[in-house]
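According to the numbering used here, the sequence shown is numbered sequentially starting from 36. For every residue, glycine included, the Cβ atom is placed at its ideal position computed from N, Cα and C.
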Amino acid sequence: MVEIILKNLRKTFGEVIATDDVNMVLEDGKLSTLLGPSGCGKTTLLRLIAGFYVPDRGQIFFDDREITNVPPNLRNTGMCFQNYALWPHMTVFDNIGYGLKLKRVEGLKFTKSAIKSRVDEALELVRMEGLGHRTPHQLSGGQQQRVALARALVIQPDVLLLDEPLSNLDAKLRNEMREEILRIQGELGITTVYVTHDQIEALSISDMVAVMDLGYIQQYAPPREIYDKPQTLFVADFIGKCTFLDGEIASLGSELTVTLPDGQSVKGFSPVENYPFEVGEQVRCAVRPEDLHVQPTSGK
Numbered sequence: 036m037v038e039i040i041l042k043n044l045r046k047t048f049g050e051v052i053a054t055d056d057v058n059m060v061l062e063d064g065k066l067s068t069l070l071g072p073s074g075c076g077k078t079t080l081l082r083l084i085a086g087f088y089v090p091d092r093g094q095i096f097f098d099d100r101e102i103t104n105v106p107p108n109l110r111n112t113g114m115c116f117q118n119y120a121l122w123p124h125m126t127v128f129d130n131i132g133y134g135l136k137l138k139r140v141e142g143l144k145f146t147k148s149a150i151k152s153r154v155d156e157a158l159e160l161v162r163m164e165g166l167g168h169r170t171p172h173q174l175s176g177g178q179q180q181r182v183a184l185a186r187a188l189v190i191q192p193d194v195l196l197l198d199e200p201l202s203n204l205d206a207k208l209r210n211e212m213r214e215e216i217l218r219i220q221g222e223l224g225i226t227t228v229y230v231t232h233d234q235i236e237a238l239s240i241s242d243m244v245a246v247m248d249l250g251y252i253q254q255y256a257p258p259r260e261i262y263d264k265p266q267t268l269f270v271a272d273f274i275g276k277c278t279f280l281d282g283e284i285a286s287l288g289s290e291l292t293v294t295l296p297d298g299q300s301v302k303g304f305s306p307v308e309n310y311p312f313e314v315g316e317q318v319r320c321a322v323r324p325e326d327l328h329v330q331p332t333s334g335k
């Protein structure tokens, strides 16, 4: 498995900035999620990692190997697409084995028996044993996604890339496939990059989450930290439910005391350690519903 290092990445399409100033390290063997609304740049970033796009600026490394301009077929990545991208005229077995046949064309030695062994292992991994003879139209949506996942994994990639893999499934199947992806990623320990717009999905399966908006990484942190300590107003508003209260800092300390316009006060902390707040400074407080505690006034 590999560590993915992104340095100062920028990609534009005409005058549209798809992604910019991306600097982060996606850890070896971890599942990292790119989360954000439609058009935020998350799929563009995934395609930069895959090699489908070349950045206008910046560098991409797999460990210490720079792969910025390396073609996709030489990066040893496996990818699952939102629409599965299965060949409708091929059987499940042939869909899964297609990548191995391509590698044989490129000069690697994959005999028919070696391909059968690898495909059978992949079918077992995704719990599709005995269904290799079927064609995609004979499968449910969840089964088609399992086939797409098996096809991505059969080449034994260093990196697994998943682009909104569950968005076409109903709620029950999404939950089932989410558990399956977690199980498989855990068994293989493969470095995985997962794209989604679903907050619950991202927070429940990820080791690390990168929240994106307008092409920029707003915050990159573990799920709990993303929720508890959002570093921008966008992250606070996009993740979960949040109420915003404007006020003025009344006192400093381990907790900040903020006076609201109606004279009431709230206590809280800064998501940025050692930020130089000053008494009298105007701030905006982000309050999660579960953190709101109402106290009676004196005498009542």
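Please report the straight-line C-alpha distance between residue i and residue j, rounded to a whole angstrom.
i: Met-36; j: Thr-54; result: 26 Å
i: Leu-83; j: Cys-277; result: 33 Å
i: Ala-185; j: Arg-319; result: 47 Å
i: Tyr-251; j: Phe-145; result: 42 Å
i: Glu-62; j: Thr-226; result: 7 Å
i: Lys-76; j: Glu-50; result: Looking at the sequence provided, one finds Gly at residue 76 rather than Lys. Looking at the two C-alpha atoms, the distance is approximately 14 Å.
i: Thr-267; j: Leu-188; result: 36 Å
i: Ile-240; j: Leu-217; result: 7 Å
i: Asn-203; j: Lys-65; result: 25 Å
i: Pro-123; j: Gly-113; result: 20 Å
i: Gly-298; j: Glu-260; result: 30 Å
i: Ala-271; j: Ala-321; result: 7 Å
i: Glu-199; j: Tyr-229; result: 7 Å
i: Leu-121; j: Gly-282; result: 55 Å
i: Ile-102; j: Val-194; result: 13 Å
i: Ala-206; j: Leu-196; result: 22 Å
i: Pro-90; j: Pro-72; result: 22 Å
Provide the residue(s) that pair with residue i in DSSP beta bridges, ordered along the chain.
i: Thr-292; result: Ser-286 and Lys-302
i: Asp-198; result: Val-230
i: Gln-317; result: Glu-283
i: Tyr-251; result: Asp-248
i: Glu-101; result: Phe-96
i: Lys-276; result: Its beta-bridge partners do not exist; DSSP assigns none.
i: Ala-256; result: Val-244
i: Met-114; result: Leu-196
i: Ile-39; result: Leu-61 and Phe-97
i: Leu-327; result: Note: Leu-327 sits in no beta bridge, so no partner.
i: Phe-48; result: Val-51
i: Val-322; result: Thr-278
Can you say whether residue i is buried or exposed, counting buried as having 16 or more other CB atoms within 10 angstroms of its CB?
i: Ile-39; result: buried
i: Ile-131; result: buried
i: Glu-159; result: exposed
i: Leu-69; result: buried
i: Gln-191; result: exposed
i: Ile-235; result: exposed
i: Lys-147; result: exposed
i: Arg-213; result: buried
i: Val-57; result: buried
i: Thr-329; result: Here residue 329 is Val; the residue named in the question, Thr, does not match the sequence. The residue in question, Val-329, is exposed, as its Cβ has fewer than 16 Cβ neighbours within 10 Å.
Residue i and residue j look like a contact to me (Cβ under 8 Å); what is the Cβ gap, rounded to whole Å?
i: Arg-110; j: Asn-43; result: Wrong, their Cβ atoms sit about 20 Å apart, outside the cutoff.
i: Gly-303; j: Val-314; result: Actually they do not touch by this definition, with Cβ atoms about 15 Å apart.
i: Ala-256; j: Met-247; result: About 13 Å separates the two Cβ atoms, so there is no contact after all.
i: Val-127; j: Arg-169; result: 5 Å
i: Leu-291; j: Leu-280; result: The pair is not a contact, with the Cβ atoms about 12 Å apart (cut-off 8 Å).
i: Gln-180; j: Tyr-119; result: 6 Å
i: Gly-275; j: Arg-209; result: The Cβ separation is near 19 Å, so there is no contact.
i: Pro-107; j: Gly-134; result: Pro-107 to Gly-134, Cβ: 12 Å. No contact.
i: Pro-258; j: Leu-238; result: 4 Å
i: Gly-177; j: Glu-211; result: 6 Å
Measuring only between beta-carbons, confirm whether residue i sits less than 8 Å from chain B.
i: Gln-178; result: Absent from the structure: chain B. Only one protein chain is present.
With a floor of 4 residues, list each alpha helix (DSSP H) that falls wholly inside the stretch 117 to 201, ordered by position along the chain. 127 to 140, 147 to 160 and 176 to 188
Starting from the N-terminal side, write out each stretch of the alpha helix (DSSP H) that is 4 residues or longer and does not extend beyond the stretch 199 to 225. 206 to 223
With a floor of 3 residues, list each beta strand (DSSP E) that falls wholly inside the stretch 50 to 94, ordered by position along the chain. 51 to 61 and 66 to 70
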